[in-house]
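Numbered by UniProt numbering, the letters in the sequence shown go through residues 1 to 185 in order.
We put the CB at the ideal spot given by N, CA and C, even for glycine.
In this text, all values refer to a predicted model and were calculated from it rather than measured experimentally.
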Amino acid sequence: MPRLTDARKDLRRAQIAEAAVRCFGRTGLERTSIADITAESGLSAGSIYAHYRNKADLVRAAARDVLARRADVLGEYAASEAPPDPDELLARLVAAIDPVEARVGVQTWGEATTDPEVHDIVVDMIDRMGAMLHDCVTAWLVKVEHQEPARARESAAPVARRVSALYQAELLHAALRSPAGTAAR
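Put into structure tokens, the structure is as follows:
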């Protein structure tokens with residue numbers, strides 16, 4: 001059997017993770033089986049297990065993929081000459097919410113209350129998102145508000161926490177207002 005290149009492995013992993021998110025969004029984390037993900041991805045179960053150990057591994061990969069996309073955007077905002085102020089930052093994040101990803105995120109939060117492995121994933125993702133928001137708000141305070149970096153870093157902490165909390169509330173709102181069973185775009 002021919003070996004997959006690293007690039008091909010990455011594409012296959014992404015294909016599987018995207019199929020898993022669509023399934024999780026439609027039927028929930030608990031009710032989605034590896035067979036569902038296999039059917040959605042068009043791959044064999046062996047292929048799924050060659051890339052992911054179990055469903056928790058897929059949840060982790062999906063969460064990291066979503067966070068990586070947010071990290072790219074937040075990094076661009078922070079690096080720009082005039083980073084957005086906290087209100088604009090929140091507005092941009094909210095505008096980018098995908099309802100299916102929001103449903104999967106909220107389901108993952110629920111699972112985190114009873115599953116220690118999922119709990120660790122959620123806490124890590126929230127902490128990483130918070131750090132990225134903190135960096136973005138700090139950049140805005142330094143570049144636009146002309147605060148000294150050390151003071152800006154300190155001032156940014158409570159603002160970033162509020163932006164994070166409001167973003168999480170918007171994710172919940174998006175998850176609840178989008179109909180269950182809707183397939184990802």
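- Exclusion of the five residues before and after C136 leaves L74, Y77, A78, P83 and L89 as the residues of its chain whose Cβ lies within less than 7 Å of its Cβ.
- Note on P86: 16 or more other CB atoms within 10 angstroms of its CB, so buried under the neighbour-count rule.
- In the assembly as shown, G46 is an exposed residue. Its beta-carbon has fewer than 16 other beta-carbons within 10 Å.
- For E170, the enclosing alpha helix (DSSP H) begins and ends at P149 to R177.
- Beyond the five residues adjoining it in sequence on each side, C23 comes within less than 8 Å, by CB distance, of T32, D36, I37 and E40 in the same chain, given in chain order.
- For P99, the enclosing alpha helix (DSSP H) starts and ends at P99 to A112.
- Per DSSP, reduced to three states, the secondary structure at A96 is coil, with no helix or strand assignment.
- Between the C-alpha atoms of D98 and D65 there is a straight-line separation of about 13 Å.
- At the C-beta level, A156 and L141 come within 8 Å of one another.
- Within the model, the alpha-carbon separation for A17 versus A62 is close to 6 Å.
- The residue among K143, A20, R162 and A96 with its C-alpha nearest the C-alpha of E81 is K143.
- Rounded to whole angstroms, the separation of the alpha carbons of L29 and R161 is 28 Å.
- Between the beta-carbon of A56 and that of E117 there is about 5 Å, and that keeps the pair under the 8 Å contact cut.
- If the five residues before and after L93 are omitted, its C-beta is found closer than 7 Å to the C-beta atoms of Y167, all from its own chain and listed in chain order.
- A residue is called buried when at least 16 other Cβ atoms come within 10 angstroms of its Cβ; A174 meets this threshold and is buried.
- As for any alpha helix (DSSP H) of minimum length 4 sitting wholly inside the UniProt domain "HTH tetR-type" (10-70), the runs are 34-41 and 45-51, ordered along the chain.
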